[in-house]
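Asks: Take the sequence shown: its position 140, counting from 1, is numbered 140 in UniProt numbering, and each next residue is one higher.
Quick one: the structure is below, and I'll ask about it shortly.
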Amino acid sequence: MTECLFCAVIAGSTPAIVVHADDVAVAFLDTRPVFKGHVLVVPRQHVITLTDLPADRLGPFFTRVQAIAGAVEQGLDAGGTFVAMNNRISQSVAHLHVHVVPRRKGDGLRGFFWPRTTYADSAEAADYADRIRGRIGSWLS
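Shown next, in the form of structure tokens:
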């Protein structure tokens, strides 16, 4: 089997801008964000779909997703978040991942059309990550 891209991020062999990592999940900035601050949350265990995640890991994983959603809203002064996942169809990497996308009223996101943007440079991406990272502790304490 070819190594999974997200498993490589988890292992540290593929670079990513990580906003949170623990024994349950790793959360990092999407390299092709819908909006700046778009985070992917992946379980450390390689599973492809939500139904593959063992039931005893479901609660801890979604506790991390909840924390990231709160941190994205607070750290980026977002009005809300869009939280979504695909199972097989439209799943760009065959490893369970949850998208946490910052939202603002009038941001133009409609339906399931996901426009993509880029960061101006690595410093801008690092700034977004720092702002999110700085709020995660209040959600996981």
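Ideal Cβ placement from N, Cα and C applies to all residues, glycine included.
Less than 8 Å between the C-beta atoms of Val-9 and Ala-27, yes or no?
Replies: No, they are not a contact pair.
Asks: Apart from the five residues on each side of it in sequence, which residues of its chain come closer than 6 Å, Cβ to Cβ, to Glu-3?
Replies: None.
Asks: Assign Ala-120 to one of three DSSP states: helix, strand, or coil.
Replies: Ala-120 falls in the coil class under three-state DSSP.
Asks: Classify Ala-84 as buried or exposed, calling it buried when 16 or more other Cβ atoms lie within 10 Å of its own Cβ.
Replies: Exposed is the call here.
Asks: Measuring straight from C-alpha to C-alpha, what distance separates Val-47 and Lys-105?
Replies: Rounded to whole angstroms, Val-47 to Lys-105 spans 34 Å at the Cα level.
Asks: Buried or exposed: which applies to Leu-96, given that a residue is buried once 16 or more other Cβ atoms fall within 10 Å of its Cβ?
Replies: Label assigned to Leu-96: buried.
Asks: Can you tell me the Cβ-Cβ gap for Trp-139 and Gln-45, rounded? I've got them flagged as a contact below 8 Å.
Replies: About 22 Å separates the two Cβ atoms, so there is no contact after all.
Asks: Going straight from the alpha carbon of Val-51 to that of Asn-87, what length do you get?
Replies: It should be pointed out that residue 51 corresponds to Thr in this sequence rather than to Val. Whole-angstrom Cα-Cα distance: 9 Å.
Asks: State the Cα-Cα distance for the pair Asp-107 and Thr-81, rounded to the nearest angstrom.
Replies: Answer to the nearest angstrom: the Cα atoms are 12 Å apart.
Asks: Tell me which residue opens and which closes the alpha helix (DSSP H) that Val-98 is part of.
Replies: Unbroken run through Val-98 is the beta strand (DSSP E), 98 to 103; no alpha helix (DSSP H).
Asks: Measuring alpha carbon to alpha carbon, tell me which of Arg-116, Ala-16, Phe-6, Glu-73 ends up nearest Pro-102.
Replies: It is Glu-73.
Asks: Which of the three DSSP states is assigned to Leu-109 in this structure?
Replies: Reduced to three states, the DSSP call for Leu-109 is coil.
Asks: For residue 224, which residues of its own chain have a beta-carbon under 6 Å away from its beta-carbon, when the five flanking residues on both sides are left out?
Replies: This structure leaves residue 224 out entirely; the chain is present only between 1 and 141.
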